[in-house]
Amino acid sequence: MSSRKKLYIGLALLVLLAASAATIWLMQPDRHEREGHLVLNGNVDIRQVNLAFKVPGRIDRLAFDEGDRVESGDLLASLEPQDYKNEIALAEARASQRSAALAALESGNRPEEIERARARVEEAESALGIAQATLDRVEHLAERGFAARQTQDEARSQRDRAAAQRQAALEELSLARKGPRREEIQQGRAALGGERAAAALARQRLVDANLYAPADGIILTRAREVGAIVGPGETVFTLAHTSPMWVRTYIEEPDLERVEIGAPATVLTEAGRAFPGRIAYISPTAEFTPKSVETREQRTSLVYRVRVRIEDQDGILKQGMPVSVIVRPAARER
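Residue numbering for the sequence shown is -21 to -1, 1 to 313, as defined by mature numbering (1 follows the signal peptide of the UniProt record, and there is no 0).
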């Protein structure tokens, strides 16, 4: 027998042995099913968030790059602050002006202003006395025929004008003693409150010129660079949350009663790494099996979406990574 024939016979025997071993392996029940566990197929579902400034401006600093791990509260980026500092200074100056005006209203008129109003009253009373005396003399002369009627009318008009000026001076003195009206003080307080609110808003805009990490995670993308002008809501970083992480899987309707929220689960990667977790969510509505499940029979059956919460401190799990979820079914009541 030639060496080539021997080689062919050996290869044929190896193929037969492999096929026999595969058949025996496929006929054996799954280890986890035999032990009473439920094995589900799923994918890692990492939650992402687009991070942006709440205010417009020019980027002054970017503290992290793609792939960097950040913690909640880390300063990721900041805008040039000078414009917002100027807004604060302007708003605080206006508030100070309104505060001084309100203080003047609440304190009322100064004693010097009241004294000046009293002096105007005395001046008006003196003018009225002179006008009244002039009118009396003219009327006395008119009775004797020594004064014309026009002169009498002019003297009476002068007296009336002096009386009106005296009355106006008395009212001014009364107002000076009472001080500003209550409505004016309320208006002043409202104006001051508006300016203080504007100053607080300006200070908050300066705070919003800094972008902080909302949670622990990894920077996936860095969409802008230093010097770029950005508007509110424009994405600067994309952050992937690392805690907690989720696995999305599906459970068939016959197994639905065997799984409950809070049940412990083990997530296995294709490389054999195990991560402890718990069932965090079971959809209340059924849906068709997603196309990632390959067989036609499974694609046409109704399933329920399940989320498993896990922790991955080492950053091993990636978005979309296929995993197996092993769940110990809840004990059925008999």
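Each residue gets a CB set at the ideal place from its N, CA and C atoms; glycine is no exception.
It should be emphasised that the depicted structure is a prediction, and the values quoted were computed from it without experimental measurement.
- Secondary-structure assignment with DSSP links N65 through no beta bridge to anything.
- With fewer than 16 other beta carbons inside 10 angstroms of its own, V205 counts as exposed.
- By the Cβ criterion, the segment 22 to 40 is in contact with the segment 224 to 237, since at least three pairs of Cβ atoms, one from each stretch, lie closer than 8 Å.
- V246 sits buried, since 16 or more C-beta atoms from the chains shown fall within 10 Å of its C-beta.
- In the three-state reduction of the DSSP assignment, D139 falls in the helix class.
- Counting only the Cα atoms, Q165 lies some 23 Å from E92.
- Contact between the segment 69 to 87 and the segment 109 to 120 is absent, with fewer than three C-beta pairs closer than 8 Å.
- DSSP lists V282 as the beta-bridge partner residues of E231.
- Comparing C-alpha distances from E231 to each of R252, R284, A242 and I198 shows the shortest one belongs to R284.
- Per DSSP, the continuous beta strand (DSSP E) segment holding Q27 begins and ends at Q27 to A31.
- Annotation: E101 to G124 spans about 35 Å, alpha carbon to alpha carbon.
- Within the segment 92 to 173, complete alpha helix (DSSP H) segments of at least 4 residues are found at 128 to 157, given in chain order.
- Burial of Y63 is indicated by the presence of at least 16 other C-beta atoms within 10 angstroms of its C-beta.
- Our two residues, A96 and P90, have alpha carbons roughly 10 Å apart in a direct line.
- Between A242 and R307, the C-beta spacing is below 8 Å.
- Looking at the backbone, the Cα of T113 and that of S105 are separated by about 13 Å.
- Annotation for F254: the continuous beta strand (DSSP E) segment containing it runs A253 to I261.
- For D195, the closest of R37, V215 and E50 by C-alpha to C-alpha distance is E50.
- For S78, same chain residues with a beta-carbon under 6 Å away, outside a window of 5 residues either side, are L171 in chain order.
- In this structure, A244 is the residue among A244, P263 and I208 with its C-alpha nearest to the C-alpha of P255.
- Under the DSSP assignment, R37 falls in the beta strand (DSSP E) whose first and last residues are G36 to L41.
- Shown here for I240: same chain residues with a beta carbon closer than 8 Å to its own, the five before and five after excluded, namely I258, A259, Y260 and I261 in chain order.
- Between the segment 45 to 61 and the segment 177 to 194 there are three or more C-beta pairs closer than 8 Å, enough to call the two in contact.
- The beta carbons of A42 and V215 sit about 11 Å from each other, so the pair does not count as a contact at 8 Å.
- Sequence-distant Cβ neighbours of R168 in its own chain, meaning closer than 7 Å and more than five residues away, are L81.
- Of the residues D293, L199, A181 and G294, the one whose Cα lies closest to the Cα of D44 is L199.
- Within the segment 190 to 242, the runs of beta strand (DSSP E) at least 3 residues long that lie entirely inside it are, in chain order, 196 to 201, 214 to 220 and 224 to 231.
- If you draw a straight line from the Cα of R161 to the Cα of Q146, it is about 24 Å long.
- Taken through DSSP and simplified to helix, strand or coil, E71 comes out as helix.
- Between A134 and L107, the gap from beta carbon to beta carbon reaches 8 Å or more.
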